[in-house]
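Each remark here refers to the structure printed beneath this line.
Residue numbers (this note's numbering), protein chains in the order written: chain A, 2 to 277; chain B, 2 to 277.
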């Protein structure tokens, strides 16, 4: 019997970061099919390695939904706001029919300490990418990152801040909400409701916070192994009207990246039902 | 010639965590005197090891100001809100004439995931400690901790959240602002101004964010070695009316805790002038 609180199995999406050390995108697509996972979220390096047209063909063959493409962003990487690469990311997202392009916006400009300047560049970068994204019908999903990544990966660090930025940018942009990045936020429930009311929840990523956490980047937990109230958080996004996929995305140098990827997918399916 | 933007040398305080692996409190007091540091912020374990009356005597002999006592809190540690130990902390703060008692409030109740419950317990604990603190004329300083400590050390994670709690608790409580914990906050300037307007900035701790950071707890940086705009942040707290001490507090397993403590104090004095 299915737990009535369990999520819809059809909405589980495999973010390929979860098995990136073991599998390329082709293997991940086949793995999803084998394990009954109906959606996938590829990373661009793996998409490029397989080739976009080959990926499109294999994804179509398996009938997979593409919940997002990871990732554009890093607007602070150069003075041109990294726009050439970001336009390519939009093209790739359009080609594979991704429901959004996730933006990891970038941290401080290298060698500087000016966080306000970094945030201005990010706003400028997303604005500059907007026309191209609209033309390709690709929605841009700003992913607020945990504050511990403010310096090096993403200087948008709360959902409130991301939504404030969305309001300046217009109706086409939204947010990717990742439990790992936002679970601690005292304003989480109200900001999720705000995001939902504005139709801006474009993606939902699930990952658990391990206690203790031994590495800032790659010691993330399988749902159920950590301290986040994942069922409660899913309730919040669903109450806010979100009915898209739940991507399981885990960076785990010491554990999940070392396991048999078929075991990882089996556990993802189980934990999606029991813990998400 | 003194840089006009440099802080007042008399307001540098040594938080003894900075040399805790090398020195006990007695050596730290003598070290401050040797290096011309006019204020100190002891940790309770070191205070207890030296003995409160002996510490009072030595601090008085050197004419040191006591900018804070670190730390009370951990209200989520037991069902009695850790109140026995917290009352003792208040007594110790009063005995040494500390300008405030810093509260590291505690994270999740062990074995649970209920962050809202932890936050309620913290609010209850600080409220329950209030009468005793008022009777001893000890001000309680809630220290919002970086969100990466929400699970295990402190579930008050932004200045906004701490100030909202202060408003519920009354005029006697305030905040300890530590650059390491708050530098990333997009609301920092407005919340510092709010704290200052309410007379709630009770302590200011200075520590830098290293890039990369290799350990979540004890890889913190000497002012000037990281990416925080420390001068700008000091400007914010001073513009908000704060005229108390700047405590240098650094947890550094791999670097500063391994160095000659006299060298550490010399560098603290230099960096206070050049980078804070």
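All C-beta atoms, glycine included, are put in the ideal place defined by N, C-alpha and C.
- What residue 114 of chain B touches in chain A, judged by beta-carbon distance under 9 Å, is 227, 228, 229, 230, 231, 233, going in chain order.
- Against residue 148 of chain A, the close residues of chain B are 147, 148, 149, 185, 186, in the order they occur along the chain (beta-carbon pairs closer than 8 Å).
- Only buried fits residue 224 of chain A, as 16 or more other CB atoms lie within 10 angstroms of its CB.
- By the neighbour-count definition (other C-beta atoms within 10 Å, threshold 16), residue 275 of chain A is an exposed residue.
- Listed in chain order, the non-local C-beta contacts of residue 194 of chain A below 6 Å within the same chain comprise 241, local neighbours out to five positions each way being set aside.
- In the three-state reduction of the DSSP assignment, residue 16 of chain B falls in the strand class, which pools E and B.
- Linking residue 94 of chain B to residue 134 of chain B through their CA atoms gives a straight-line distance of about 9 Å.
- Taking the C-beta atoms as reference points, residue 202 of chain A is found no nearer than 8 Å to residue 228 of chain A.
- Residue 82 of chain A places its beta carbon 8 Å or farther from that of residue 91 of chain A.
- With a threshold of 8 Å between beta carbons, residue 213 of chain A makes contact with chain B.
- In the assembly as shown, residue 218 of chain B is an exposed residue. Its beta-carbon has fewer than 16 other beta-carbons within 10 Å.
- Assigned with DSSP and collapsed to three states, residue 260 of chain B falls in coil, not helix or strand.
- Taking a beta-carbon distance threshold of 8 Å, residue 159 of chain B counts as an interface residue toward chain A.
- Scanning its chain for C-beta atoms nearer than 7 Å, with the 5 sequence neighbours on each side dropped, one finds around residue 226 of chain B the residues 209, 211, in chain order.
- Apart from sequence neighbours up to five positions away, the residues of its chain that approach residue 125 of chain A with a beta-carbon distance below 7 Å are 82, ordered along the chain.
- By the neighbour-count definition (other C-beta atoms within 10 Å, threshold 16), residue 105 of chain B is a buried residue.
- Around the C-beta of residue 169 of chain A, fewer than 16 other C-beta atoms lie within 10 Å, and the residue is accordingly described as exposed.
- Residues of chain B with a Cβ closer than 9 Å to the Cβ of residue 217 of chain A are, in chain order, 149, 213, 214, 215, 216, 217.
- Distances from the alpha-carbon of residue 250 of chain A to those of A:243, A:261, A:265, A:236 put A:265 closest.
- Taking the CA atoms as reference points, residue 122 of chain B sits about 53 Å from residue 62 of chain A.
- Taking a 10 Å sphere around the C-beta of residue 171 of chain A, we find fewer than 16 other C-beta atoms and assign the residue as exposed.
- Within the model, the alpha-carbon separation for residue 252 of chain A versus residue 200 of chain B is close to 43 Å.
- For residue 109 of chain A, the C-beta contacts it makes with chain B under 7 Å involve 228, in order along the chain.
- For residue 166 of chain B, the uninterrupted alpha helix (DSSP H) run begins and ends at 160-170, by DSSP.
- Three or more beta-carbon pairs drawn from the stretch 9-16 of chain B and the stretch 33-46 of chain B are found closer than 8 Å, and the two stretches are therefore classed as touching.
- Interface criterion met: the Cβ of residue 210 of chain B is under 8 Å from a Cβ in chain A.
- For secondary structure counted as the alpha helix (DSSP H) over 4 or more consecutive residues, the stretch 70-132 of chain A holds these complete runs in sequence order: 84-96.
- Contact annotation: residue 15 of chain B and residue 33 of chain B have beta-carbon atoms nearer than 8 Å.
- In the DSSP annotation of this structure, the continuous segment of the beta strand (DSSP E) that includes residue 42 of chain A starts and ends at 40-42.
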